[in-house]
Amino acid sequence: MVRGLVMMVHDSAASSLVCWEEWTAAVLLTGYTCAHAVDETSAVDDALRWGTYHSGHYFGIRSRTSPFHVSAGLLWSTSQEPKLRHECLESDRLEQYGWLEHDGRTFGSQAIRDQHNNLLLDTTFLKPPTSPTTFATRSWAARVAVTPLRTDAALPDTASLFFYLDLGCEDDSLTHACRRDTQQVQLTFSPSIVNDLTLHLLYDEAPDEVLPTTPVVVMDGMLPSFHSAFQAKFQAAFPHISPEFEPLGQAALSNLIGGIGYFYGRYACWSSLAEARVPAEFITQFPTHANPPSLLLAVEKLLPHLSQSAVLHRWWPQLRKWFAWYQRTQAGEEPHTFRAILAKVALAVGDTVEARTFSELSQAYLDTMNRLHWDPATSLYYDYGLHSDDGLFEDHLERLQFVRRVGYVSFFPLFLQILPLNSPKLAPLGTLVANELLSLHGLMSLSPRDLYFERPNAPGDAPYWRGPIWMNINYLALVSFQHYATHASDKSVREQYQSLYDTLRDRVVAAISHEYKATGYLYEQYNPHTGRGQRCHPFSGWTALVVNILAETY
582 MVRGLVMMVH
592 DSAASSLVCW
602 EEWTAAVLLT
612 GYTCAHAVDE
622 TSAVDDALRW
632 GTYHSGHYFG
642 IRSRTSPFHV
652 SAGLLWSTSQ
662 EPKLRHECLE
672 SDRLEQYGWL
682 EHDGRTFGSQ
692 AIRDQHNNLL
702 LDTTFLKPPT
712 SPTTFATRSW
722 AARVAVTPLR
732 TDAALPDTAS
742 LFFYLDLGCE
752 DDSLTHACRR
762 DTQQVQLTFS
772 PSIVNDLTLH
782 LLYDEAPDEV
792 LPTTPVVVMD
802 GMLPSFHSAF
812 QAKFQAAFPH
822 ISPEFEPLGQ
832 AALSNLIGGI
842 GYFYGRYACW
852 SSLAEARVPA
862 EFITQFPTHA
872 NPPSLLLAVE
882 KLLPHLSQSA
892 VLHRWWPQLR
902 KWFAWYQRTQ
912 AGEEPHTFRA
922 ILAKVALAVG
932 DTVEARTFSE
942 LSQAYLDTMN
952 RLHWDPATSL
962 YYDYGLHSDD
972 GLFEDHLERL
982 QFVRRVGYVS
992 FFPLFLQILP
1002 LNSPKLAPLG
1012 TLVANELLSL
1022 HGLMSLSPRD
1032 LYFERPNAPG
1042 DAPYWRGPIW
1052 MNINYLALVS
1062 FQHYATHASD
1072 KSVREQYQSL
1082 YDTLRDRVVA
1092 AISHEYKATG
1102 YLYEQYNPHT
1112 GRGQRCHPFS
1122 GWTALVVNIL
1132 AETY
């Protein structure tokens, strides 16, 4: 028996539950306009007001509003495994889940394969069209369809599905009441706080084909056109991806877009939900600890499209402040031990004085990097500091020295295209990266010849960057290899890097594709010996760069 869909409107004090026995159901939210509240609470683009922004959940929807928001989502449970599934957990060990199609605005389609309970849950999110060219901004529809995952396996005696709507009832500043007796939500609110919470939950016990006015039938009529539009847009954006790899590319892109959340405030854990996902020792933030400014890579990539845009002029003062903060908090004992790439931005916004300053800084950083980190004896870059050199977990007398670990760090100046096109370092670095890091499945994070290769970071702390293949760095390497294969001054260097590029691309694509076909997931990292995916999955952040790699769009 399938208990069907149990609609749950959540309040800290009360819930409204309606139940019917049917495998498929839908929920439709619509809204109305009231008293300028949009300007006070919503994000800039009203077309993005609703979306699958409740990330980290198997199927979560959220309003892109602050400080108050509404969220909705799916939970399910069965008699043979009495636990609710809701938040994405690796411990659930689901056969597969993730978006197969998602356009980031109006449509998403997902398959959840729960092999423990022999259930296939197909979830769909869409915004109904209001004209041939526009879509609703205050309405959305969600559908959950359940079928047996395998016809030759037994179904659970009872399966229960819950679709909840969380109105933030626990927030005392949001005045409303959640009633049980009317099978709907009764809202009372101040127009200055909430403006679009007229909620219509459309229930029907009939199958889809009986009542053509149900939201499910409306969705059935829309889904083919949404699917066709997604396919056409993907193929137009990535025309060089072969049909063999299209399912991988579409899933990678869709999971990246469908996994976008909406947050505001400081870059820190700011709620109980966020804190629950972060180990306690990492919650406290320190201003002296900063990640590399990788955002600048994205800014650099966007420059050709933003050079005449007012957006770039708005960004420029903030980028300068950010750079100044890095200069102040991340400075080393030596001057010019931090790289700047803001000269291009300064030129794009017409700030010629700053452009000249940043260009001079960039050259100074390059000179300092070569002076401090280049070892002519081995033709490699190394970190430099107080480190031991034997891989043993015991106290040592420390001394300043090169940290002669041959890994990603040794090739960062190459991967980030810092080296000039006529640099004599290009040829030896190309040879060494092939000899030391290139495996059958991609570039390893540490040379197998190294004492630290696959050694624990510390007792009980499994190796992380000590051998596994990371696709973010492999992507940077591919971009770099293509760059030098095209533009290096020396013909032999161009040929060397073209060969490196072709070999690495084939191996990376093969590793990711093989694992996706075998498991249905993208992974945080890949095993240097077998190419098997490992650690966090689905991991649709930088591993989704496989789309660019497949399309050769860098």
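So the sequence shown is numbered by our numbering: it starts at 582 and just counts up by one.
Think of the CB as a built atom: it goes at the ideal place given N, C-alpha and C, for glycine as much as any other residue.
Euclidean distance between Cα positions of residue 711 and residue 1122: For the purposes of this step, residue 711 is taken as residue 130 along the sequence shown, with counting starting at 1. For the purposes of this step, residue 1122 is taken as residue 541 along the sequence shown, with counting starting at 1. About 33 Å.
What is the rounded straight-line gap between the Cα of residue 958 and the Cα of residue 885? Here the question's residue 958 lines up with position 377 in the sequence shown. Here the question's residue 885 lines up with position 304 in the sequence shown. Roughly 40 Å between the two C-alpha positions.
So, using beta-carbon positions, are residue 910 and residue 860 closer together than 8 Å? For the purposes of this step, residue 910 is identified with residue 329 of the sequence shown, where counting begins at 1. For the purposes of this step, residue 860 is identified with residue 279 of the sequence shown, where counting begins at 1. No, Cβ-Cβ distance for residue 910 and residue 860 is not below 8 Å.
Taking its Cβ as the centre, do 16 or more other Cβ atoms sit within 10 Å of residue 933, making it buried, or is it exposed? Start at 1 with the first residue of the sequence shown, and residue 933 comes out as number 352. Looking at its Cβ environment, which holds fewer than 16 other Cβ atoms inside 10 Å, residue 933 is exposed.
Exposure label - residue 645; buried when at least 16 CB within 10 Å: Here residue 645 refers to the residue found at position 64 of the sequence shown. With 16 or more Cβ atoms within 10 Å of its Cβ, residue 645 is classed as buried.
My output table needs one value for residue 690: the three-state DSSP class, helix, strand or coil. Working through the sequence shown from its first residue, we reach residue 690 at position 109. Note: residue 690 maps to strand in three-state DSSP.
What would DSSP say about residue 956, mapped onto helix, strand or coil? Taking the sequence shown and counting its residues from 1, the one referred to as residue 956 is at position 375. Correct three-state label for residue 956: strand.
Can you tell me whether residue 738 is helix, strand or coil according to DSSP? Working through the sequence shown from its first residue, we reach residue 738 at position 157. Three-state DSSP puts residue 738 in coil, outside helix and strand.
Span separating the alpha-carbon of residue 882 from that of residue 819: Locating residue 882 in the sequence shown gives position 301, where the first residue counts as 1. Locating residue 819 in the sequence shown gives position 238, where the first residue counts as 1. In a straight line, the C-alpha of residue 882 is about 17 Å away from that of residue 819.
Among 813, 723 and 998, which residue has its Cα nearest to the Cα of residue 1062? Residue numbering aside, residue 1062 sits at position 481 when the sequence shown is read from its first letter. Comparing Cα-Cα distances from residue 1062 to each of 813, 723 and 998, the minimum goes to 998.
Looking at the structure shown, is residue 823 part of a helix, part of a strand, or coil, going by DSSP? Along the sequence shown, read from residue 1 onward, the residue named residue 823 stands at position 242. If DSSP states are grouped into helix, strand and coil, residue 823 belongs with coil.
Cβ-Cβ separation, residue 718 to residue 628 (assumed contact under 8 Å), whole Å: To locate residue 628, count along the sequence shown from 1; it is residue 47. To locate residue 718, count along the sequence shown from 1; it is residue 137. About 5 Å separates the Cβ atoms of residue 628 and residue 718, confirming a contact at the 8 Å cut-off.
Within 10 angstroms of its Cβ, does residue 1017 collect 16 or more other Cβ (buried), or is it exposed? Locating residue 1017 in the sequence shown gives position 436, counting from the first residue. The residue in question, residue 1017, is buried, as its Cβ has 16 or more Cβ neighbours within 10 Å.
CB contact flag (residue 837, residue 1099, <8 Å): Within the sequence shown, residue 837 is the residue found at index 256, counting from 1. Within the sequence shown, residue 1099 is the residue found at index 518, counting from 1. Taking 8 Å as the Cβ cut-off, residue 837 and residue 1099 do not qualify as a contacting pair.
In the structure shown, what three-state DSSP assignment does residue 652 receive? Counting from one through the sequence shown, the residue named residue 652 turns up at place 71. If DSSP states are grouped into helix, strand and coil, residue 652 belongs with the strands.
Over what stretch of residues does the beta strand (DSSP E) that includes residue 984 continue unbroken? In the sequence shown, the residue the question calls residue 984 occupies position 403. It spans 981–984 - the beta strand (DSSP E) in which residue 984 sits, taken as one unbroken run.
Residue 663 by DSSP, collapsed to three states: which one? By 1-based counting over the sequence shown, the position of residue 663 is 82. In the structure shown, residue 663 sits in coil (DSSP, three-state: anything other than H, G, I, E or B).
Check the C-beta distance from residue 691 over to residue 707 and give it rounded, since I have them as a contact under 8 Å. What you label residue 691 is simply residue 110 of the sequence shown in a count that begins at 1. What you label residue 707 is simply residue 126 of the sequence shown in a count that begins at 1. The pair is not a contact, with the Cβ atoms about 12 Å apart (cut-off 8 Å).
Three or more C-beta pairs below 8 Å linking the region 821–830 and the region 664–675: no
Check for me: the alpha helix (DSSP H) holding residue 1073 runs from which residue to which? As a working mapping, residue 1073 is identified with position 492 in the sequence shown. Where residue 1073 is concerned, the enclosing alpha helix (DSSP H) stretches over 1072–1100.
Extent of the continuous alpha helix (DSSP H) run through residue 1064: To locate residue 1064, count along the sequence shown from 1; it is residue 483. Its alpha helix (DSSP H) spans residues 1052–1068.
What residues in its chain sit with their C-beta under 7 Å from that of residue 1094, if we drop five residues either side in the sequence? Start at 1 with the first residue of the sequence shown, and residue 1094 comes out as number 513. The answer, listed in chain order, is 826 and 829.
At the level of alpha carbons, what is the spacing between residue 715 and residue 1039? Residue numbering aside, residue 715 sits at position 134 when the sequence shown is read from its first letter. Residue numbering aside, residue 1039 sits at position 458 when the sequence shown is read from its first letter. For residue 715 and residue 1039, the distance between alpha carbons rounds to 55 Å.
For residue 612, count the other beta carbons within 10 Å of its own beta carbon; 16 or more makes it buried, fewer makes it exposed. Which is it? Translated into the one-based positions of the sequence shown, residue 612 becomes position 31. Residue confidence is low: residue 612 scores 34 on pLDDT, short of 50, so the model does not pin down where it sits. Its coordinate-derived value is still stated next. By the 10 Å Cβ count, residue 612 comes out buried.
Spatial neighbours of residue 1035 in its chain, beta-carbon cut-off 7 Å, leaving aside the 5 residues before and after: Walking along the sequence shown from the start, residue 1035 turns up at place 454. Taken in chain order, the residues that qualify are 1044, 1047 and 1048.
Residue 662 beta carbon less than 8 Å from that of residue 698: To locate residue 698, count along the sequence shown from 1; it is residue 117. To locate residue 662, count along the sequence shown from 1; it is residue 81. Yes. Within cutoff.
Neighbour-count burial assignment, residue 1096, 16 or more Cβ in a 10 Å radius: Taking the first residue of the sequence shown as position 1, residue 1096 is located at position 515. Flag for residue 1096 reads buried.
Closer than 7 Å by C-beta to residue 1114: which residues in its own chain qualify, once you throw out the five before and the five after it? Chain order, please. Position 533 of the sequence shown holds residue 1114. The answer, listed in chain order, is 1096, 1100, 1102, 1104 and 1107.
Alpha carbon to alpha carbon, what distance is there between residue 996 and residue 1112? Taking the sequence shown and counting its residues from 1, the one referred to as residue 1112 is at position 531. Taking the sequence shown and counting its residues from 1, the one referred to as residue 996 is at position 415. C-alpha separation (whole angstroms): 22 Å.
Per DSSP, what kind of secondary structure is residue 921 in: helix, strand or coil? For the purposes of this step, residue 921 is taken as residue 340 along the sequence shown, with counting starting at 1. Residue confidence for residue 921 is low, a pLDDT of 47 falling below 50, so the modelled location carries little weight; the figure read from the coordinates is stated next. In the structure shown, residue 921 sits in coil (DSSP, three-state: anything other than H, G, I, E or B).
Run through DSSP, which three-state label would residue 989 get? Here residue 989 is taken as the residue at index 408 of the sequence shown, counted from 1. Shown here, residue 989 sits in a helix according to DSSP, grouped into three states.
Compute the Euclidean distance between the alpha carbons of residue 1087 and residue 1024, then round it to the nearest angstrom. Walking along the sequence shown from the start, residue 1087 turns up at place 506. Walking along the sequence shown from the start, residue 1024 turns up at place 443. Cα to Cα, the separation comes out at about 12 Å.
Collapsed DSSP secondary structure at residue 1130 in the structure displayed: Sequence index remark: in the sequence shown, residue 1130 carries index 549 (1-based). Helix, per DSSP.
Determine the extent of the alpha helix (DSSP H) in which residue 903 is found, giving its start and end residues. Within the sequence shown, residue 903 is the residue found at index 322, counting from 1. Start and end: 891–910.
Compare the Cα-Cα distances from residue 993 to each of 862, 855, 939 and 873 and report the closest residue. Here the question's residue 993 lines up with position 412 in the sequence shown. Comparing Cα positions, the closest option is 873.
Can the beta-carbon of residue 634 be found closer than 8 Å to that of residue 843? Residue numbering aside, residue 634 sits at position 53 when the sequence shown is read from its first letter. Residue numbering aside, residue 843 sits at position 262 when the sequence shown is read from its first letter. Cβ atoms of residue 634 and residue 843: closer than 8 Å.
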